[in-house]
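Take a look at the structure set out below.
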Amino acid sequence: EADIYQTPRYLVIGTGKKITLECSQTMGHDKMYWYQQDPGMELHLIHYSYGVNSTEKGDLSSESTVSRIRTEHFPLTLESARPSHTSQYLCASSEYRGGGETQYFGPGTRLLVL
Amino acid sequence: TQLLEQSPQFLSIQEGENLTVYCNSSSVFSSLQWYRQEPGEGPVLLVTVVTGGEVKKLKRLTFQFGDARKDSSLHITAAQPGDTGLYLCAGVWGNTGKLIFGQGTTLQVKP
């Protein structure tokens with residue numbers, strides 16, 4: 162059973178506000194990821210980390226930033242939210258098993274920027 | 044350009060029917076995964092296929108990896124309303140852990 166948590170689950174916020182989406186995992190995984198997903202659509206990788214103090218931008222350009230100061234914690238920050246940032250944000254961590262990296266996803270944060 | 048093409052994108056069927064979802068790419072992957080996602084939740088891994096030509100079964104679900112490791116299919120036998128959800132295929136490149144997702148197939152099984 163995966164233990165990966167995201168808060169908040171839902172967030173409605175005004176344009177220009179700074180927000181931080183929290184993601185924590187208790188599995189001790191080194192690799193963690195942030196994805197952006199519009200309803201019923203594919204996931205786009207926006208950030209990933211291979212361990213503490215390691216962060217890289219993903220395939221989809223994003224104005225958000227991430228940090229990885231502790232293994233279990235991988236927060237995502239938007240300095241100035243805009244309506245174009247409205248989406249679902251999914252956090253994941255992974256381990257190698259069964260012939261490939263298995264990713265475990267959190268429940269997601271659904272963000273609405275007004 | 045979509046690296047992984049899933050088809051169909053939407054499927055609405057009656058309980059008891061069979062269905063197949065396809066995932067195609069021009070790229071070769073070290074492995075390919077299938078996830079199922081329910082509304083308001085994150086995707087959950089169903090299976091990882093690694094070897095070209097591999098077939099894996101998970102109860103009424105059968106997964107196949109193409110011989111050239113570029114495509115995969117998911118077949119569901121006697122679909123049930125509980126199978127309703129978004130099915131996502133994802134290609135894995137090397138040991139990076141990074142996944143490339145297809146657009147997803149939204150499946151609705153009506154009782």
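These protein sequence lines map, in sequence, to chains A and B.
Mapping of the first sequence onto the numbering used here: position 68 corresponds to residue 229, and the numbering continues sequentially without gaps.
Mapping of the second sequence onto the numbering used here: position 103 corresponds to residue 146, and the numbering continues sequentially without gaps.
Backbone N, C-alpha and C fix where the C-beta goes; we use that ideal spot for every residue, glycine too.
Treat the numbers as computed from the prediction; the structure is a model and nothing was measured.
- Separation of the CB atoms of Cys66 of chain B and Asp114 of chain B is rounded to 6 angstroms, and the pair is thereby assigned contact status at 8 angstroms.
- DSSP places Gly212 of chain A within a strand segment (E or B) once states are collapsed to three.
- For Asn67 of chain B, the enclosing beta strand (DSSP E) starts and ends at Leu62 to Asn67.
- In this structure, Leu75 of chain B sits away from Val64 of chain B, with a CB-CB distance that is not shorter than 8 angstroms.
- Of all residues in the stretch 60-74 of chain B, those with a C-beta nearer than 8 angstroms to a C-beta of chain A are Ser73 and Ser74, reading in chain order.
- A buried status is given to Phe235 of chain A, since no fewer than 16 other beta-carbon atoms sit within 10 Å of its beta-carbon.
- Considering only beta carbons, the part of the stretch 199-211 of chain A lying closer than 9 angstroms to chain B consists of Pro200, Gly201, Met202, Glu203, Leu204, His205, Leu206, Tyr209 and Tyr211, in chain order.
- Residue pairing for Thr127 of chain B: DSSP places it in no beta bridge.
- Beta-bridge partners of Glu217 of chain A (DSSP): A:Tyr209.
- Judged by beta-carbon spacing, Gly140 of chain B lies beyond the 8 angstroms limit of Arg112 of chain B, meaning their Cβ atoms are not closer than that value.
- Interface residue (Cβ-Cβ distance to chain A less than 8 angstroms): Gln146 of chain B is classified as such.
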